[in-house]
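Trainee:
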Amino acid sequence: MIVLGYRLPGMSSLIIWGLLWEIVGQSGLTFFIPPLSEVVTTLFSMIGTTAFQTALAQTAYAFLVGVGAAILIGIPVGILMGKSRLLDELLLPWVNVFLSAPLTALVPVLMVLFGFGMKSIIITTALFAVWIIILNSRAGVKQINRSLVEMAQSFGASPFDAFFKIYFWAALPEILGGVRIGVIRAVKGVIIGQLLISIVGFGALFELYSANFLMGHFWAVLIVLFALAFTISEFLAYLERKVSYYAAKR
Amino acid sequence: MAMSQIKEVTPLPVAESIESAVSVRNISKNYGAVEALRDLSLEFPKGQLTSLLGPSGCGKTTLLKIIAGLLEPTSGEVFVNGQPVASPGPDRAFVFQDFALLPWASVLKNVTFGLEMRGVGTSEREAIAEKYIKDVGLAGFEHSYPHELSGGMRQRVGLARALAVDADVLLMDEPFSAVDEQTRRKFQEDLLGLVQNENKTFIFVTHSIEEAVYVSDQIAILLPRPSRVSEVIRPSNFRDKGVDNIRRDPEYLDIVDNIWASLRSYVE
Amino acid sequence: MPNRALQLKILSALILCGAWQIAGLIPVSYAFPTFTETMGALFDMARSGVLFEAYAETLQPLVVGVVISAFIGIAVGLWVGLSNFFDWLFSPIFIVMQAAPLAALIPLLVLAYGIGLTSKVLVVCIMAMPVIVLNTSSAVRNTPESFKEMGRSFLAPKHSILLRIVIPAASPVIFAGLRLGVSAGFIGAILAELKITPTGVGDIITYSRSIADYPSMYAAIFSIILLAVLFLNLLEKTETVLFKGNQRGYVSD
């Protein structure tokens, strides 16, 4: 928005919402919304505590392993599907099914199969992320310009060279797009996993704080979590923009 | 009036005696610090076709949209039939480069759109639309949808929509640039017939020299950064020799060559 | 081969069910029933009516939540898409909501609204609404400029441009947003039943897990995933029929 000829930064309205939060909190309208200033104070005192750091470390661990697995599985599978028609036709229906399926319903299965621990949370995270990564990598390979492939062949590139020097880069914008959406989904997955399995990480913290009516703590954790999720998503969007400059000109 | 800018290439038999349907006076248009048009003046004679021709980025579409009232000039005025205009009006109709057909509406609905907005009743506007759909050669396609038509047919729908509102002035923004070469030639021939029979004023934006010379009674050559009219050319009489002979008429070829000579240096 | 695609689909379904069957026969885990056992349990539940009672309960918060989200989401989305001020004011909220794991709000919702229908509806709403709002607003903002110019040059008044051009042009993307919203709503509804109080299908899942009746548990999960996928596919088919020829880019979550 432009005010008095000056363009307001995109996210600046969050300051207004923050102020509104503070006012609602100060007015004591509801017990569930403490003033923002109180939440921020709690936040800083909480960051140093071991409970918080353990939760953060556990969540980060589950998230990173889950996302890593999803990327390592998703990109090659997607590329293979893009290259092989048989594989594509065999797998695509299932990828589409799991892409839109309510994966939350699978968490109880993971719990009975893999126990109530970290393993289940990691698998939940990977399950949330992997399908869109497969689908986008596949789309990226599928859209590679026919003449680019012919160019590689006519200049005598070996299949290996062609793959790593041309196809991967040609499909990179789509692949990164898939990874970005996958990562956003993984953030949701890791939290859903922790909430349902609920003895580790932020899931346990949320239980603890809501059971003890520590609203300030609860919101502080939420803010940290939302801010982290948003930062990760924006960072990946930034990476994607860096490669997508050539996406339109392939 | 910036008459000094206008250089007559060929004798001008009738221009002075014909009144202007559209006059553009001292138009400037700035986008922030960028000067798109500077102090541009031009007359568009009634009942004739005037082309705006120039290299890309010379502001010809900007000028057309200012005449249409879709863009506001930074300064200057546009007169249609002697009246100053600042917004779209019933006296002008627009034909879009990308057709701008509503994809969810049938050909008939697309053609009646302008009439509907003017408050014409259903049966009347459908009768009018059907006539023009027939005139542009799309009889039988009234209930087709745009995605079922070829590019050329889509632009015929766009043309029928503009003709249906019976405006005095037809503004055409590179109308044939998105159709293939053969369709384009057919369009150009049809356009000559239209100019002759419809008694409307046509303002035609194009970047094709041949097209401009082929269809125009008057060609305004625009040069870029900032845009101004560098030349106004009025071909004399080769069009009377019949559509089949225009392209080999010596005058036609000379004008095409001259225009290319003056535009050449502006092409990157 | 004329029906190659269909044959391969059937083949891949057979491979998957076969793998499931074999994994259950080995068994890979004491908690992994075979495909036939699971289907048997599903059939039993369907015959006794338990399954349908459960769905009557599960679908309540889902339907109510999705309907509320659709109305509020499209209204807010139109508003945000048409006004620069509301775009500036509201978009950041929904962008953050879209990126954030909103499931974390569930314990708070339970504290504030108890364990009843209200909380569950709200869970569905917070999951479904952001994508509906964001799709609607970006669809409205991305109405092709030449459509709007066409409207103006043919003298369409403002409300006609909105009703006759902007909204129809935006509707494929709005509809896709609704579909993504429904998909997120399913996640929310199941999450609510598993996390807040076990009712409906969530109750079958939780109860059969507690008594180690794994075939029933798997059958319930299988049925809800199947329902969601079938329903979303139906929506997608409707979309292609409804907006045939109205090709526009789509926004994904």
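So the protein lines, in turn, are chains W, H and D.
Residue 490 is where the first sequence starts when you use the numbering used here, and the numbers rise one by one after that.
Residue 5 is where the second sequence starts when you use the numbering used here, and the numbers rise one by one after that.
Residue 27 is where the third sequence starts when you use the numbering used here, and the numbers rise one by one after that.
Ideal placement from N, C-alpha and C gives every residue a C-beta, glycine not left out.
Fair warning: this is a prediction, and the values are worked out from it, not measured in the lab.
#1: Is the separation between the beta-carbon of residue 63 of chain D and that of residue 198 of chain D shorter than 7 angstroms?
#2: Answer with yes or no whether the minimum CB distance from residue 36 of chain D to chain W is below 7 angstroms.
#3: Is there a Cβ from chain H that is less than 7 angstroms from the Cβ of residue 178 of chain D?
#4: If you count every other CB in all the chains shown that lies within 10 Å of the CB of residue 813 of chain W, and 16 or more means buried, which is it?
#5: Quick check on DSSP: helix, strand or coil for residue 137 of chain D?
#6: Since residue 714 of chain W and residue 127 of chain D are thought to touch, with beta carbons under 8 angstroms apart, how far apart are those beta carbons, to the nearest angstrom?
#7: Can you list the residues of chain W that residue 190 of chain D reaches, using a CB-CB cut of under 9 angstroms?
#8: Is the separation between the beta-carbon of residue 596 of chain W and that of residue 613 of chain W shorter than 7 angstroms?
#9: Give the secondary structure of residue 632 of chain W by DSSP, where H, G and I count as helix, E and B as strand, and everything else as coil.
#10: Comparing alpha-carbon positions, which option in D:105, D:256, D:49, D:72 lies nearest residue 587 of chain W?
#11: Quick test of the definition: if touching needs 3 or more C-beta pairs under 8 angstroms, does the stretch 44-62 of chain H touch the stretch 160-167 of chain H?
#12: Just to confirm the assignment: which complete alpha helix (DSSP H) runs, minimum length 4, are found wholly within the stretch 51-123 of chain D?
#13: Taking residue 184 of chain D as the query, report the chain W residues whose CB atoms sit under 9 angstroms from its CB, ordered along the chain.
#14: How would you call residue 164 of chain D, buried or exposed, if buried means at least 16 neighbouring beta carbons within 10 angstroms?
#15: Does any C-beta atom of chain D lie closer than 7 angstroms to the C-beta of residue 92 of chain H?
#16: Please tell me whether residue 173 of chain D has its Cβ less than 7 angstroms away from any Cβ of chain H.
#17: Opposite residue 104 of chain H in the DSSP bridges: which residues?
#18: Where do the ends of the alpha helix (DSSP H) carrying residue 22 of chain D lie?
#19: Kindly indicate which three-state DSSP category residue 197 of chain D falls into: helix, strand or coil?
#20: Going along the chain, which residues of the stretch 228-251 of chain D sit with their C-beta nearer than 8 angstroms to a C-beta in chain W?
#21: Give every residue of the same chain whose Cβ lies closer than 8 angstroms to the Cβ of residue 147 of chain H, excluding the five residues on either side of it in the sequence, and list them in chain order.
#22: Just how far apart, CA to CA, sit residue 240 of chain H and residue 221 of chain H?
#23: Checking 7 angstroms against the spacing of the C-beta atoms, do residue 674 of chain W and residue 716 of chain W come in under that value?
#24: For residue 706 of chain W, does the count of other Cβ atoms within 10 angstroms reach 16, so buried, or fall short, so exposed?
#25: Taking DSSP as the reference, what is the three-state secondary structure of residue 250 of chain H?
#26: Could you check which residue in W:504, W:509, W:521 has the C-alpha nearest to that of residue 700 of chain W?
#27: Considering only the alpha carbon of each residue, which of H:253, H:79, H:84 lies closest to residue 171 of chain H?
#28: Contact defined as beta carbons within less than 8 angstroms: I believe residue 627 of chain W pairs with residue 690 of chain W. What is the distance between those atoms, to the nearest angstrom?
#29: Have a look at H:44, H:65, H:201, H:24 and flag the residue whose alpha-carbon is nearest the alpha-carbon of residue 50 of chain H.
#30: Answer with yes or no whether the minimum CB distance from residue 221 of chain D to chain W is below 7 angstroms.
#31: How would you label residue 132 of chain H, buried or exposed, when you count the other beta carbons within 10 angstroms and need 16 or more for buried?
#32: If we cut at 7 angstroms on Cβ distances, does residue 601 of chain W have a partner in chain D?
#33: Where does residue 39 of chain D sit, in a helix, a strand or coil, going by DSSP?
#34: Pick helix, strand or coil for residue 517 of chain W, following the three-state DSSP scheme.
#35: Under 7 angstroms Cβ-Cβ, which residues of chain D neighbour residue 100 of chain H?
#36: On a Cα-Cα basis, can you pick out the residue from W:506, W:710, W:562 that is closest to residue 624 of chain W?
Mentor: Quick look at the numbers:
#1: To locate residue 63 of chain D, count along the third sequence from 1; it is residue 37. To locate residue 198 of chain D, count along the third sequence from 1; it is residue 172. Cβ distance not < 7 angstroms, so residue 63 of chain D and residue 198 of chain D don't count as in contact.
#2: Translated into positions along the third sequence, residue 36 of chain D becomes position 10. False, the Cβ-Cβ gap to chain W never drops below 7 angstroms.
#3: What you label residue 178 of chain D is simply residue 152 of the third sequence in a count that begins at 1. Output row for residue 178 of chain D: interface = yes.
#4: In the structure as shown, chain W starts at 490 and stops at 739, and residue 813 of chain W therefore has no counterpart that could be examined.
#5: Against the third sequence, residue 137 of chain D aligns to sequence position 111. DSSP places residue 137 of chain D in helix when its eight states are reduced to three.
#6: Position 225 of the first sequence, counting from 1, holds the residue named residue 714 of chain W. Position 101 of the third sequence, counting from 1, holds the residue named residue 127 of chain D. About 6 angstroms; that satisfies the 8 angstroms criterion.
#7: Translated into positions along the third sequence, residue 190 of chain D becomes position 164. Within 9 angstroms Cβ-Cβ: nothing; residue 190 of chain D doesn't reach chain W, min ~27 angstroms.
#8: Taking the first sequence and counting its residues from 1, one reaches residue 596 of chain W at position 107. Taking the first sequence and counting its residues from 1, one reaches residue 613 of chain W at position 124. Yes, these two residues count as a Cβ contact at 7 angstroms.
#9: Here residue 632 of chain W refers to the residue found at position 143 of the first sequence. Coil, per DSSP.
#10: Residue numbering aside, residue 587 of chain W sits at position 98 when the first sequence is read from its first letter. Residue D:256 is the option with its Cα nearest to residue 587 of chain W.
#11: no
#12: 61-74, 76-108
#13: Position 158 of the third sequence, counted from the first residue, corresponds to residue 184 of chain D. Counting only Cβ-Cβ distances below 9 angstroms, residue 184 of chain D has no contacts in chain W at all, with the closest Cβ about 20 angstroms away.
#14: Locating residue 164 of chain D in the third sequence gives position 138, counting from the first residue. Label assigned to residue 164 of chain D: buried.
#15: Residue 92 of chain H sits at position 88 when you count from the first residue of the second sequence. Residue 92 of chain H belongs to the set of residues whose beta carbon lies under 7 angstroms from a beta carbon in chain D.
#16: The residue you call residue 173 of chain D lines up with position 147 of the third sequence. Judged by the 7 angstroms Cβ criterion, residue 173 of chain D is in contact with chain H.
#17: What you label residue 104 of chain H is simply residue 100 of the second sequence in a count that begins at 1. According to DSSP, residue 104 of chain H bridges with nothing at all.
#18: Summary: the structure shown does not reach residue 22 of chain D, with chain D confined to residues 27 through 279, and so no result is reported for it.
#19: Translated into positions along the third sequence, residue 197 of chain D becomes position 171. Helix at residue 197 of chain D.
#20: 231, 232, 235, 240, 243, 244, 247, 250, 251
#21: Here residue 147 of chain H corresponds to residue number 143 of the second sequence, with the count starting at 1. Once the five neighbours on either side are set aside, the close Cβ partners of residue 147 of chain H are 110, 111, 112.
#22: Stepping through the second sequence from its first residue, residue 240 of chain H is reached at position 236. Stepping through the second sequence from its first residue, residue 221 of chain H is reached at position 217. Answer to the nearest angstrom: the Cα atoms are 8 angstroms apart.
#23: Position 185 of the first sequence, counted from the start, is the residue given in the question as residue 674 of chain W. Position 227 of the first sequence, counted from the start, is the residue given in the question as residue 716 of chain W. Not in contact: residue 674 of chain W and residue 716 of chain W (Cβ atoms no closer than 7 angstroms).
#24: Position 217 of the first sequence, counting from 1, holds the residue named residue 706 of chain W. Residue 706 of chain W should be labelled buried.
#25: By 1-based counting over the second sequence, the position of residue 250 of chain H is 246. Here residue 250 of chain H sits in helix by DSSP.
#26: Residue numbering aside, residue 700 of chain W sits at position 211 when the first sequence is read from its first letter. Distance check between residue 700 of chain W and each of W:504, W:509, W:521 places W:521 closest, using alpha-carbon atoms only.
#27: Walking along the second sequence from the start, residue 171 of chain H turns up at place 167. Closest option to residue 171 of chain H, Cα to Cα, is H:84.
#28: Numbered from its first residue, the first sequence carries residue 627 of chain W at position 138. Numbered from its first residue, the first sequence carries residue 690 of chain W at position 201. Not quite, the Cβ-Cβ distance comes to about 32 angstroms (not below 8 angstroms), so this is no contact.
#29: Position 46 of the second sequence holds residue 50 of chain H. Residue H:24 is the option with its Cα nearest to residue 50 of chain H.
#30: Reading the third sequence from its first residue, position 195 is the one you call residue 221 of chain D. Yes, contact with chain W.
#31: Numbered from its first residue, the second sequence carries residue 132 of chain H at position 128. It is buried - the Cβ of residue 132 of chain H has at least 16 other Cβ atoms within 10 Å.
#32: Counted from its first residue, the first sequence places residue 601 of chain W at position 112. It does: the Cβ of residue 601 of chain W has a partner Cβ on chain D nearer than 7 angstroms.
#33: On the third sequence, position 13 is the one that residue 39 of chain D refers to. Residue 39 of chain D: helix per DSSP, three-state reduction.
#34: On the first sequence, position 28 is the one that residue 517 of chain W refers to. Looking at residue 517 of chain W - three-state DSSP - the assignment turns out to be coil, as it is neither helix nor strand.
#35: As a first step, residue 100 of chain H must be located in the second sequence, where it is residue number 96. Residues of chain D passing the Cβ test: 172, 176.
#36: Numbered from its first residue, the first sequence carries residue 624 of chain W at position 135. Ranking the options by Cα distance to residue 624 of chain W, first place goes to W:562.
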